[in-house]
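Order-wise, the sequence lines are chains L and W.
Counting along the first sequence from 1, when you hit position 81 you're at 99 in our numbering, and nothing is skipped either side.
Counting along the second sequence from 1, when you hit position 90 you're at 571 in our numbering, and nothing is skipped either side.
Heads up, the beta-carbon is just placed ideally off N, CA and C, and yes, glycines get one too.
Remember, predicted model here, so these are calculated numbers, not experimental data.
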Amino acid sequence: MVDIAKFKPGTVYVTYIATTPEQVWQALTDGAFSQQYFFGFRVEVEPRQGGAFRLLYPDGRVHAHGEVAVWDPPRRFASTWTIEGMGEFGELPECLVTYDIDPSGESVKVTMTEGHSWDIPDAILAGGRSGWPAVMSSLKSVLETGKPLSIANEGPPPGMVEAVKRAVAEKPWLKSATAGSR
Amino acid sequence: MSKPKFVYVTYIRTTPEKLWAALTDPQTIKKFWFGMTAEFEAKAGSPWRLKFEDGRTADSGEILEAAPGKRLVIRWRNEFKPELTAEGWSRCAMEIETADYYPDFGGKAVKLTITHELEGEGTKFIDAVSGGWPKVLSNLKSLLETGDVAFQK
Chain L
19 MVDIAKFKPG TVYVTYIATT PEQVWQALTD GAFSQQYFFG FRVEVEPRQG GAFRLLYPDG
79 RVHAHGEVAV WDPPRRFAST WTIEGMGEFG ELPECLVTYD IDPSGESVKV TMTEGHSWDI
139 PDAILAGGRS GWPAVMSSLK SVLETGKPLS IANEGPPPGM VEAVKRAVAE KPWLKSATAG
199 SR
Chain W
482 MSKPKFVYVT YIRTTPEKLW AALTDPQTIK KFWFGMTAEF EAKAGSPWRL KFEDGRTADS
542 GEILEAAPGK RLVIRWRNEF KPELTAEGWS RCAMEIETAD YYPDFGGKAV KLTITHELEG
602 EGTKFIDAVS GGWPKVLSNL KSLLETGDVA FQK
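#1: Pick out whichever of L/G103, L/A87, L/C113 has its Cα sitting closest to the Cα of L/R66.
#2: Whole-angstrom Cβ separation of L/M130 and L/Y55, contact assumed at under 8 Å?
#3: What residues match up with L/A96 in a beta bridge as DSSP calls it?
#4: Of all the CB atoms in chain W, is at least one closer than 8 Å to the CB of L/T33?
#5: Three Cβ pairs or more, each shorter than 8 Å: is that satisfied between the segment 180 to 188 of chain L and the segment 105 to 116 of chain L?
#6: Would you verify that the beta carbon of W/D490 is, or is not, closer than 8 Å to some beta carbon of chain L?
#7: What residues in the segment 552 to 576 of chain W bring their beta carbon closer than 7 Å to a beta carbon of chain L?
#8: Are the C-beta atoms of W/A590 and some chain L residue less than 8 Å apart?
#9: On the three-pair Cβ rule with 8 Å, is the segment 597 to 609 of chain W touching the segment 565 to 575 of chain W?
#10: To the nearest angstrom, how far is it from the Cα of L/K193 to the Cα of L/W136?
#11: Can you grab the Cα-Cα spacing for the pair L/N171 / L/G149, in whole Å?
#12: Mark W/D540 as exposed unless 16 or more other C-beta atoms lie within 10 angstroms of its C-beta, in which case mark it buried.
#13: Taking Cβ positions, are L/R60 and L/G69 nearer each other than 8 Å?
#14: Helix, strand or coil, according to DSSP, for W/E706 in the structure here?
#15: Grouping DSSP H, G and I as helix and E and B as strand, with all else coil, what is W/N559?
#16: Here's the rule I'm using: 16 or more other beta-carbon atoms within 10 Å means buried, otherwise exposed. How should W/D585 be labelled?
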């Protein structure tokens, strides 16, 4: 079972969508739906805590895999992510992506939190910080207008690949794990 | 050490011209900013003010930069919560860019980046705007894409 307490928020993105919690839940957990707004990626998820989670490229290759940490429809969905097929990216510690879905007046507040278990540098967080706004903006457009934005996935921002290679070489998460409380 | 700041990016199906018009037209601002009245001219040096529906001033300041369709920068101070006013001046930059997109989907989008940075020290002002901007910008996006806001309050 995933120990969600060890993940601290690295990036948080909030959007308000004129829809229902059930619609947001479906959009986040249904493969055909996610393909519309998530750079063409298909979500595959076993609908239970401890189930398998995968995010597939449009051609079927695996982009990320992990485990369902929280399955609480239609309020909270969390899973771990490990990146595949991008060299050193796959050797980073898994992160935790949590979606909180809260009714807010006539709309629904959706909070995406990318959590990390180690002191991750900004240069690596920059990847998610460039991608999540596009994904979440397109999610809102699909649910409100039926049409996604389909913003191009620009790939890792400048400096990110180098920062990942450095982290994988130095493995700072092993040090912080053995250092205990500071 | 970097200054306390909040950054938010949203992509909107619109044009830079329409987005600029929405960000600078008081009638449109009132719709997506929960009834707030904005008083300013979109040119550098203009005084800037946001008022509640009952006429009280919420925030005040000055336009620092106004490049139509590209960038609006406001020097900004809270005027209605003493603990926020006490943290002093901030700088809010609104930047508009055209986003790359997959042509076969035809989903052309405009990227809006809000960077709101405190000039001095403190956390309360940035905490407050971190809660407010996602609501205001979600409403702005809905208004431009659907003609209606996501919610009223």
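The short version:
#1: Minimum Cα distance to L/R66 is reached at L/A87.
#2: So it is not a contact: roughly 13 Å between Cβ atoms.
#3: BP columns for L/A96 point to L/V88, L/T116.
#4: Under the Cβ distance rule, L/T33 counts among the residues neighbouring chain W, one pair being separated by less than 8 Å.
#5: Segments in contact, yes.
#6: Before going further, note that residue 490 of chain W is Val rather than Asp in the sequence given. Between W/V490 and chain L, the shortest Cβ-Cβ separation is below 8 Å.
#7: Nothing from the segment 552 to 576 of chain W brings a Cβ to less than 7 Å from some Cβ of chain L.
#8: Interface residue, yes.
#9: For the pair of segments examined, the segment 597 to 609 of chain W was found to touch the segment 565 to 575 of chain W: the number of CB pairs separated by less than 8 Å reaches three.
#10: C-alpha separation (whole angstroms): 10 Å.
#11: Each residue's alpha carbon lies about 7 Å from the other.
#12: So W/D540 counts as buried.
#13: Cβ atoms of L/R60 and L/G69: not closer than 8 Å.
#14: This structure cannot settle anything about residue 706 of chain W, because the visible part of chain W is limited to 482 through 634.
#15: W/N559 carries a strand assignment under DSSP once its states are collapsed to helix, strand and coil.
#16: Residue placement at W/D585 cannot be trusted, given a pLDDT of 44 that sits under 50; the coordinates are not used to answer.
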